[in-house]
Amino acid sequence: VKRNQVLLDLARMIFEEQSTIEHMVFRILTHTQSLIQCHRVQVLLLHKASKGSFSRVFDFQASDLESSATEERTSPFESRFPINIGITGYVATTGETVNIVDAYKDQRFDPSVDEETNFRHRSILCMPIKNSSGQIIGVIQLINKFEDLPFTKNDENFVEAFAIFCGMGIHNTHMYEKAVIAMAKQSVTL
Numbered sequence: 001v002k003r004n005q006v007l008l009d010l011a012r013m014i015f016e017e018q019s020t021i022e023h024m025v026f027r028i029l030t031h032t033q034s035l036i037q038c039h040r041v042q043v044l045l046l047h048k049a050s051k052g053s054f055s056r057v058f059d060f061q062a063s064d065l066e067s068s069a070t071e072e073r074t075s076p077f078e079s080r081f082p083i084n085i086g087i088t089g090y091v092a093t094t095g096e097t098v099n100i101v102d103a104y105k106d107q108r109f110d111p112s113v114d115e116e117t118n119f120r121h122r123s124i125l126c127m128p129i130k131n132s133s134g135q136i137i138g139v140i141q142l143i144n145k146f147e148d149l150p151f152t153k154n155d156e157n158f159v160e161a162f163a164i165f166c167g168m169g170i171h172n173t174h175m176y177e178k179a180v181i182a183m184a185k186q187s188v189t190l
């Protein structure tokens with residue numbers, strides 16, 4: 001019942017939240033983290049022009065829920081790294097869902113990420129985010145389910161729903177932003 005209510009709340013929020021992609025994605029991250037109970041959730045968006053790199057990375061950790069600076073976390077990391085490396089790159093290029101119990105036993109995992117961030121990846125659930133045309137526009141990645149448990153098929157089903165909502169929300173927000181810009185241009189010409 002709780003999961004169904006969270007999904008309904010998330011769907012409602014996506015259709016109500018049209019101010020910015022940042023706020024919409026941040027709310028998806030907080031809902032996902034609280035429902036799936038994992039240490040970290042990320043949304044990585046593909047660069048619009050090149051599609052060969054990620055341009056924005058939204059990162060939310062469980063500890064952010066306890067922080068008073070949580071709202072500051074709505075800003076993504078501006079990053080240009082290629083999609084041909086790591087789990088996120090694999091998912092972005094193939095469109096396949098990846099559910100890994102032990103990241104270090106998977107050849108697609110890039111352990112240098114842990115060395116750079118002082119964060120240890122164990123379990124990973126990663127899947128594509130698609131727009132309304134079915135094109136991959138990013139990925140959502142959950143890292144380290146609480147209590148060292150693996151991500152389940154049930155988790156996959158709910159994250160898939162979140163990814164669909166995220167794709168719809170990004171599309172709606174882009175359309176809203178275009179409409180606002182068009183109205184601003186029109187008011188300037190009048």
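In UniProt numbering, the protein residues as written are 1 to 190. Every residue, glycine too, gets a C-beta built ideally from N, C-alpha and C.
Status (buried if at least 16 other CB within 10 Å, exposed otherwise) for residue i
i      : result
Ala92  : buried
Val98  : buried
Phe162 : buried
Arg12  : exposed
Ala184 : exposed
Ala182 : exposed
Alpha carbon of residue i to alpha carbon of residue j, nearest angstrom
i           : j      : result
residue 193 : Met175 : Any answer about residue 193 is impossible in this case: the structure gives the chain only from 1 up to 190.
Ile100      : Asn154 : 14 Å
Lys48       : Cys38  : 29 Å
Lys2        : Arg56  : 31 Å
Arg122      : Val180 : 43 Å
Ile140      : Val25  : 10 Å
His23       : His31  : 12 Å
Arg108      : Arg40  : 19 Å
Thr152      : Thr88  : 19 Å
Phe119      : Arg27  : 23 Å
Ser132      : Met168 : 7 Å
Pro111      : Asp9   : 36 Å
Beta-carbon gap between residue i and residue j smaller than 9 Å
i      : j      : result
Leu46  : Gly138 : yes
Ile124 : Gly95  : no
Ile83  : Ser63  : no
Phe58  : Gln42  : yes
Cys126 : Leu142 : yes
Thr117 : Ile21  : no
DSSP-derived helix/strand/coil call for residue i
i      : result
Phe54  : strand
His23  : helix
Gly95  : coil
Leu149 : coil
Assumed close pair residue i, residue j - CB separation to whole angstroms, cut-off 8 Å
i    : j     : result
Val6 : Leu29 : The Cβ separation is near 13 Å, so there is no contact.
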